[in-house]
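This report refers to the structure that appears directly beneath it.
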Amino acid sequence: MEQTDNSPDQTGTGNQANILSGAHDLNIMGSTFTTIGRDANYTYNSYLPESKPKEITADDLLLQKPLAPDVFMGRSHLVEEAVKLLCEANQVHIAILGTGGIGKTSVALHIMEESLIREKFAGRCYFIPCEILIDATNLIQGLVQAIGVQPIQGRGSYELLLDYLKGCQESLLILDNFETSWRSRT
Numbered sequence: 200m201e202q203t204d205n206s207p208d209q210t211g212t213g214n215q216a217n218i219l220s221g222a223h224d225l226n227i228m229g230s231t232f233t234t235i236g237r238d239a240n241y242t243y244n245s246y247l248p249e250s251k252p253k254e255i256t257a258d259d260l261l262l263q264k265p266l267a268p269d270v271f272m273g274r275s276h277l278v279e280e281a282v283k284l285l286c287e288a289n290q291v292h293i294a295i296l297g298t299g300g301i302g303k304t305s306v307a308l309h310i311m312e313e314s315l316i317r318e319k320f321a322g323r324c325y326f327i328p329c330e331i332l333i334d335a336t337n338l339i340q341g342l343v344q345a346i347g348v349q350p351i352q353g354r355g356s357y358e359l360l361l362d363y364l365k366g367c368q369e370s371l372l373i374l375d376n377f378e379t380s381w382r383s384r385t
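Note that the numbering used here numbers the sequence shown so that position 45 is 244, with each residue one more than the last.
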């Protein structure tokens with residue numbers, strides 16, 4: 200396996216390296232891992248201040264949205280509770296918290312698929328994969344892209360997003376892995 204060079208002219212990825220980036224069929228200790236898809240990595244030189252990550256597009260966000268799993272057991276009561284809260288109140292903020300791998304994203308995806316949610320929000324349900332939105336600027340850009348706010352000359356993304364959210368009908372924003380953007384330094 201290749202060693203990572205951390206010299207100043209080394210190009211890296213945002214917050215984490217993808218150690219299987221070039222692997223298609225990888226054999227480790229008798230087990231074969233076949234990569235049929237992988238996370239998008241936005242490569243930039245993190246050592247140079249003028250270097251910036253790739254601009255996030257709506258396609259990037261769509262490609263990162265996972266499918267709700269077909270097998271979903273033991274969490275339906277959480278989905279029902281969230282749907283009830285979202286449908287009864289005008290403005291609700293729900294946090295689905297827990298350690299990695301317990302099914303938080305699966306719960307959120309199943310909430311989005313519920314018929315009552317689809318009726319109430321009528322196509323205004325947005326899944327935002329925050330793991331590719333490495334800072335506050337990217338988060339705002341990602342929200343603008345996901346919602347489909349059209350740019351206006353002379354207006355910043357933040358202003359456009361605020362104006363849209365103030366004037367729009369109720370929307371459901373699912374910020375998956377929000378801690379990625381929240382913990383960034385910018």
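Each residue gets a CB set at the ideal place from its N, CA and C atoms; glycine is no exception.
Does L338 pass the burial test, meaning 16 or more other C-beta atoms within 10 Å, or should it be called exposed? Classification of L338: buried, given that the 10 Å Cβ count is 16 or more.
Tell me the residue span of the beta strand (DSSP E) that contains F326. 324–328 is the extent of the beta strand (DSSP E) around F326.
For I331, tell me which candidate among L285, Q340, L371, T298 has the shortest Cα-Cα distance. Per the Cα distances, Q340.
Within 10 angstroms of its Cβ, does S305 collect 16 or more other Cβ (buried), or is it exposed? By the beta-carbon neighbour count (other beta carbons within 10 angstroms, threshold 16), S305 is buried.
Is it true that the CB of I255 sits closer than 8 Å to the CB of F326? Taking a C-beta distance under 8 Å as the contact criterion, F326 and I255 do not qualify as a contact pair.
Helix, strand or coil: how does DSSP classify L372 here? The answer is strand: DSSP assigns L372 an E or B state.
Quick one: Cα of K264 to Cα of P328, how far? Spanning the two alpha carbons is a distance of roughly 7 Å.
Taking the alpha helix (DSSP H) that L332 belongs to, which residues open and close that run? Element bounds for L332: n/a, residue is neither H nor E.
Is DSSP giving N337 helix, strand or coil here? Look at N337 here: in three-state DSSP terms it is helix.
Reducing DSSP to helix, strand and coil, say where L266 ends up. Looking at L266 - three-state DSSP - the assignment turns out to be coil, as it is neither helix nor strand.
Which residues in the same chain as S230 place their Cβ atom closer than 7 Å to its Cβ, once the five residues preceding and following it in sequence are excluded? Confidence at S230 is low in this model, with a pLDDT of 41, below 50, so the placement of that residue is unreliable and no value is reported for it.
Applying the 10 Å Cβ sphere with the 16-neighbour rule, what's the burial state of L364? L364 should be labelled exposed.
So L315 packs on V282, CB below 8 Å; how close in whole Å? Confirmed, about 5 Å.
Excluding sequence positions up to five away, which residues of its chain have a Cβ less than 6 Å from the Cβ of P268? The answer, listed in chain order, is S305.
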